[in-house]
Amino acid sequence: MVTTTIPGTDTSSNLPPVIEIELREPWLAALLAWVLPGLGHIYQGRIGKGVLFFICVLGTFVYGMYLGGGKVVYAAVSWEQQYRWQYLCQLGVGLPSTPMLWQREKALTVHRRRIIQKNRGMDVEPEYKGFMAPPRSEPMRWKDDSGNWCRQPNELAMWVVKHHPNFELGTTYTVVAGLLNILVICDAAAGPLIISPGKEKDEENEQGKTK
Amino acid sequence: MLYEPLTLLLSSQFAPLLAAVNLWYALPLIVSVSLVCAATRHEEIGIILGHAVRFGLWIIAFMGGVMAVLKLLDILS
Numbered sequence: 001m002v003t004t005t006i007p008g009t010d011t012s013s014n015l016p017p018v019i020e021i022e023l024r025e026p027w028l029a030a031l032l033a034w035v036l037p038g039l040g041h042i043y044q045g046r047i048g049k050g051v052l053f054f055i056c057v058l059g060t061f062v063y064g065m066y067l068g069g070g071k072v073v074y075a076a077v078s079w080e081q082q083y084r085w086q087y088l089c090q091l092g093v094g095l096p097s098t099p100m101l102w103q104r105e106k107a108l109t110v111h112r113r114r115i116i117q118k119n120r121g122m123d124v125e126p127e128y129k130g131f132m133a134p135p136r137s138e139p140m141r142w143k144d145d146s147g148n149w150c151r152q153p154n155e156l157a158m159w160v161v162k163h164h165p166n167f168e169l170g171t172t173y174t175v176v177a178g179l180l181n182i183l184v185i186c187d188a189a190a191g192p193l194i195i196s197p198g199k200e201k202d203e204e205n206e207q208g209k210t211k
Numbered sequence: 001m002l003y004e005p006l007t008l009l010l011s012s013q014f015a016p017l018l019a020a021v022n023l024w025y026a027l028p029l030i031v032s033v034s035l036v037c038a039a040t041r042h043e044e045i046g047i048i049l050g051h052a053v054r055f056g057l058w059i060i061a062f063m064g065g066v067m068a069v070l071k072l073l074d075i076l077s
């Protein structure tokens, strides 16, 4: 059981105001905070903050998914022209984003099988598709808003055109959600990030001396 | 009292501008980023909300500043 204290605002007593926070097992709280945003805080009994983090981080992630038509969260694959670095940030959200890793493995397995089938002159099976699966590399046909059929060089190009500009917005939302959850994990593991008044004074004094 | 600047912004002549440039999409993001950042620095809900409002307004001011600089560069070029 680990506890930490931070300066408080209650000045009713003569003692300096402090808030004591029970971090319980910080590593477990951090792990739970990664698994589901806010769960680490709920485990520590910090229910209000846990609910706040759950709503803010998961809300941002889900809204981003909605904006991007459910296509913005997928893991990088070798056959894409540009490396999908955003997935590393999206993984910060934890369990809700991990299906993309599973889907990538499935897509890679199908991709390897397709290469073997092509080399042996056999019938080639279709590319893997599914929720949070990486985009397919084959040209895609789809009906645009004006009802005309058009052709895109691959599925990612189709997603970008189809959901523009929401594909980029959705990607930004999900990336930010993942990065925010890293702050949440730190808060669960070590408590709020506060510069103590003593340190602030020391820093001010040092700055005064250097001037 | 803390929410007055936000109310003023939403009822001001800048509201249609925000809609025109799709900046409404930034508002939910500003709200969630402000709340989460504030909550990782404090433990009491009242202080968290106060910090979040100040931080959110600071982000809007920063974005406005960047927009003004870009507009100025656009006019000068």
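If you're matching them up, the sequences are chains Y and L in order. Residues 1 to 211, numbered by the working numbering, are exactly what the first sequence covers, in order. Residues 1 to 77, numbered by the working numbering, are exactly what the second sequence covers, in order. C-beta: ideal position from N, C-alpha, C; glycine also.
Going by DSSP, Y:GLN152 is part of the beta strand (DSSP E) stretching over 149-152. Judged by DSSP in its simplified three-state form, Y:THR3 adopts strand.
Every beta strand (DSSP E) stretch that sits fully inside the stretch 110-144 of chain Y and reaches 3 residues is listed by chain position as 140-143. No residue range can be given for L:GLU43, since it is assigned to no alpha helix (DSSP H) and is classified by DSSP as neither H nor E. When C-alpha distances from L:HIS42 are compared across Y:LYS106, Y:ILE182, Y:THR5, the shortest belongs to Y:THR5. Shown here, Y:LEU23 sits in a strand according to DSSP, grouped into three states. The secondary-structure analysis by DSSP pairs Y:VAL18 across a beta bridge with Y:PRO7. DSSP places Y:CYS89 in the uninterrupted alpha helix (DSSP H) bounded by 86-90.
Look at L:LEU35: its C-beta is under 9 angstroms from a C-beta on chain Y. Y:LEU91 does not reach chain L, its nearest Cβ partner there being about 17 angstroms away, counting only Cβ pairs nearer than 7 angstroms. Contact holds between the stretch 125-138 of chain Y and the stretch 148-160 of chain Y, because three or more Cβ pairs, one in each stretch, are under 8 angstroms apart. With a threshold of 9 angstroms between beta carbons, L:LEU29 makes contact with chain Y. For a cut-off of 8 angstroms, the C-beta gap from Y:GLY170 to Y:LEU95 is around 19 angstroms, too long to register as a contact. Segment contact: the stretch 28-40 of chain L against the stretch 177-196 of chain Y, three or more CB-CB distances shorter than 8 angstroms; contact assigned. Non-local beta-carbon contacts of Y:VAL77 in its own chain, meaning distances under 8 angstroms to residues more than five positions away in sequence, involve ARG84, ARG104, ALA107, LEU108, HIS111, PRO134 in chain order.
Close to chain Y, meaning a Cβ-Cβ distance shorter than 8 angstroms, are the following residues of the stretch 48-65 of chain L: ILE48. Minimum Cα-Cα distance from Y:ASP145 among the listed residues Y:HIS164, Y:GLU25, Y:CYS56, Y:GLY121 corresponds to Y:HIS164. Rounded to the nearest whole angstrom, the CA to CA distance from Y:GLU22 to L:VAL53 is 27 angstroms. Residue burial annotation: Y:ARG46 is buried, with at least 16 other C-beta atoms found within 10 angstroms of its C-beta. In the DSSP assignment, Y:PHE61 falls within the unbroken alpha helix (DSSP H) covering 59-67. Secondary structure note for Y:VAL160: its alpha helix (DSSP H) is the uninterrupted segment 155-162. Excluding the 5 residues flanking it on each side, Y:ALA190 has no same chain C-beta neighbour closer than 6 angstroms. Contact between Y:HIS41 and Y:ALA30 fails: their C-beta atoms lie close to 11 angstroms from each other, not under 8 angstroms. Bounds of the alpha helix (DSSP H) holding Y:LEU169 are 166-190. Contact between Y:LEU179 and Y:CYS89 holds, since their C-beta atoms are separated by about 6 angstroms, short of 8 angstroms.
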